[in-house]
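Chains G and X supply the protein sequences, listed in that same order. For the first sequence, position 62 (counting from the first letter as 1) is numbered 63 according to our numbering, and the numbering increases by one without interruption. For the second sequence, position 77 (counting from the first letter as 1) is numbered 152 according to our numbering, and the numbering increases by one without interruption. Glycine included, each C-beta is placed from N, C-alpha and C at the ideal position.
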Amino acid sequence: EAGVAQSPRYKIIEKRQSVAFWCNPISGHATLYWYQQILGQGPKLLIQFQNNGVVDDSQLPKDRFSAERLKGVDSTLKIQPAKLEDSAVYLCASSSAGGETQYFGPGTRLLVL
Amino acid sequence: SQQGEEDPQALSIQEGENATMNCSYKTSINNLQWYRQNSGRGLVHLILIRSNEREKHSGRLRVTLDTSKKSSSLLITASRAADTASYFCATAVQAGTALIFGKGTTLSVSS
Numbered sequence: 002e003a004g005v006a007q008s009p010r011y012k013i014i015e016k017r018q019s020v021a022f023w024c025n026p027i028s029g030h031a032t033l034y035w036y037q038q039i040l041g042q043g044p045k046l047l048i049q050f051q052n053n054g055v056v057d058d059s060q061l062p063k064d065r066f067s068a069e070r071l072k073g074v075d076s077t078l079k080i081q082p083a084k085l086e087d088s089a090v091y092l093c094a095s096s097s098a099g100g101e102t103q104y105f106g107p108g109t110r111l112l113v114l
Numbered sequence: 076s077q078q079g080e081e082d083p084q085a086l087s088i089q090e091g092e093n094a095t096m097n098c099s100y101k102t103s104i105n106n107l108q109w110y111r112q113n114s115g116r117g118l119v120h121l122i123l124i125r126s127n128e129r130e131k132h133s134g135r136l137r138v139t140l141d142t143s144k145k146s147s148s149l150l151i152t153a154s155r156a157a158d159t160a161s162y163f164c165a166t167a168v169q170a171g172t173a174l175i176f177g178k179g180t181t182l183s184v185s186s
């Protein structure tokens, strides 16, 4: 079974630029999560999707971050414009509907200069 | 906000020794999970314990849960160099909801 795929693996941008990350969850997993992990900390939820609907985006900085999951499969997370404090690893995870275990992708490491 | 607090922040041991990491959390939970993260990689699920369970085993892993104290511990027996990683506890207030992670314990196992 293929795992969660993410791209790109690394991205370096200047502040105020925009950037997009892509995630392909495990086949058949209805629930998809985006987490932000700042160096030295644990992951923090940005947004949770159930199929193509948003379940929880309470911690998403909506003035600059957006995410979508069209067709309930792949998802894209965008930052526009980026700030220095957005430097972090962005992790995508998926689970079956109501599933307790989340399966994580390798993450995208973002550096904002 | 962070739910869990792992203790210690860092742990260095020799191969063959046991490693114990502790986690405390703040609110009522449905389950608690432990994940491992190797440097520069994603998180790997290790073990899950539900709020009505007190102890679970998986291979060299033993996890305990004390809901009255809102705390959990992870024991890795007979550590190996390959166990070197960061370990995170994560809690879910309901099954199928997002996980709330602690800051992690960095384990270093030297040969």
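For residue 132(X), the enclosing beta strand (DSSP E) stretches over residues 130-133. Counting of Cβ neighbours within 10 angstroms places residue 81(X) among the buried residues, the total reaching 16 or more. The residue among 115(X), 93(X), 94(X) with its C-alpha nearest the C-alpha of residue 89(G) is 115(X). When the Cα atoms are used, residue 93(G) and residue 100(X) turn out to be separated by approximately 24 angstroms.
Counted as a single uninterrupted DSSP element, the beta strand (DSSP E) harbouring residue 79(G) occupies residues 76-80.
In summary, the residues of the region 149-174 of chain X whose CB is separated from some CB of chain G by less than 8 angstroms are 163, 165, 167, 170, 171, 172, 173, 174, in the order they occur in the chain. Legend: CB atoms of the region 120-139 of chain X lying less than 7 angstroms from CB atoms of chain G belong to residues 120, 123. Residue 167(X) counts as buried, since at least 16 other C-beta atoms from the protein chains shown sit within 10 angstroms of its C-beta. Spanning the alpha carbons of residue 112(X) and residue 119(X) requires a straight line of approximately 6 angstroms.
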